[in-house]
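Per numbering that gives the first Met the number 0, the sequence shown runs over residues 0 to 186. We put the beta carbon where it would ideally sit given N, CA and C, even for glycine. Computed from a prediction, not measured in an experiment: that's the story for all the values here. Have a look at the structure below before the remarks.
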Amino acid sequence: MFTHMSHVFLAAPYTQWMDWSTGELNPCRKNYLQTLRQAFIDRGHAVFNAHQNEQWGRGWLAPEVCTPADFLAVSNADVLCVIVGEPPSPGVMVEIGWASALGVPIVLLQEGDSVPALVAGIGEVTSTTRCRLPEELTEQSLADILTAVEKAAAAQRTPRVTEPVAGYPKTLLPYGYEAAQQPVDHV
């Protein structure tokens with residue numbers, strides 16, 4: 000049994016998974032997230048999940064509250080376990096961006112075969128594991144997800160990239176930033 004408690008940020012689509020007729024998360028999706036969340040807790044991990052924190056849709060937080068709260072939680076996470084969504088959830092894409100910028104390891108649970116290009120290449124920026132999202136959580140599929148997340152959480156954060164990217168055509172400055180030759184006087 001894994002004995003080190005990790006902070007797991009469990010990300011998943013929110014508005015895409017809402018049942019707007021009830022004002023709550025779709026019951027099947029809610030059960031899925033609850034099962035996954037509880038599996039992490041049962042293994043001794045601390046879990047941040049916005050769906051749970053916002054009462055599965057009944058306790059929506061204002062953007063000026065949930066955005067900094069989610070960012071702080073990603074900042075303090077040992078690993079981001081993310082259900083990408085099909086199509087990919089815009090909110091999840093932001094959380095993936097934060098995690099990669101902070102060097103937080105990511106476990107991508109994909110429903111479909113494709114993800115946006117910047118997500119497909121995220122492993123070049125931070126430690127990333129890609130897994131197929133199982134349609135239902137069986138004992139074996141939960142064990143596989145737990146293993147992937149625990150392995151990722153045990154990895155060290157990826158240091159910030161400071162060198163030009165190999166194969167990128169503009170390498171005078173990192174990431175192809177260009178600057179004026181002479182300082183520009185802003186009036």
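What do you get for residue i, buried or exposed, if any count of 16 or more other CB atoms within 10 angstroms of its CB means buried?
{"i": "Pro12", "result": "buried"}
{"i": "Met4", "result": "exposed"}
{"i": "Gly111", "result": "exposed"}
Spatial neighbours of residue i within its chain, please: CB distance less than 8 Å, with the 5 preceding and 5 following residues excluded, ordered by chain position.
{"i": "Pro87", "result": "Val114, Pro115, Val118"}
{"i": "Val91", "result": "Ala10, Ala11, Pro12, Val81, Ile82, Val83, Gly84"}
What's the gap between the Cα of residue i and the Cα of residue j?
{"i": "Leu141", "j": "Leu35", "result": "7 Å"}
{"i": "Trp16", "j": "Arg156", "result": "30 Å"}
{"i": "Phe70", "j": "Val124", "result": "18 Å"}
{"i": "Leu108", "j": "Glu53", "result": "22 Å"}
{"i": "Leu171", "j": "Gly120", "result": "Here the model assigns Leu171 a pLDDT of 47, short of 50, so the residue's position is not dependable, and the following value carries that caveat. Spanning the two alpha carbons is a distance of roughly 22 Å."}
{"i": "Ala61", "j": "Ala68", "result": "11 Å"}
{"i": "Arg131", "j": "Ile144", "result": "10 Å"}
Suppose the cutoff is 7 Å on Cβ atoms and the five residues either side in sequence are ignored; what does the same chain contact list for residue i look like?
{"i": "Gly56", "result": "Met17, Gly22, Glu23, Leu24"}
{"i": "Ala100", "result": "none"}
With a threshold of 6 Å on Cβ separation, who are the neighbours of residue i within its own chain once the five nearest residues in sequence on each side are excluded?
{"i": "Phe8", "result": "Phe47, Ala72, Val73, Ala76, Leu79"}
{"i": "Val103", "result": "Ala76, Leu79"}
{"i": "Ala154", "result": "Pro104, Ser126"}
Flag this pair as yes or no: are the beta carbons of residue i and residue j separated by less than 9 Å?
{"i": "Ser126", "j": "Ala147", "result": "no"}
{"i": "Ile105", "j": "Ile95", "result": "yes"}
{"i": "Glu135", "j": "Arg42", "result": "no"}
{"i": "Ala10", "j": "Ala49", "result": "yes"}
Could you please give the first and the last residue of the uninterrupted beta strand (DSSP E) stretch that includes residue i?
{"i": "Arg131", "result": "127 to 131"}
{"i": "Ile95", "result": "Counting along the chain, Ile95 falls outside any beta strand (DSSP E), though it belongs to the alpha helix (DSSP H) covering 89 to 101."}
{"i": "Gln33", "result": "It is not in any beta strand (DSSP E) - Gln33 instead sits in the alpha helix (DSSP H) that spans 26 to 41."}
{"i": "Leu9", "result": "6 to 10"}
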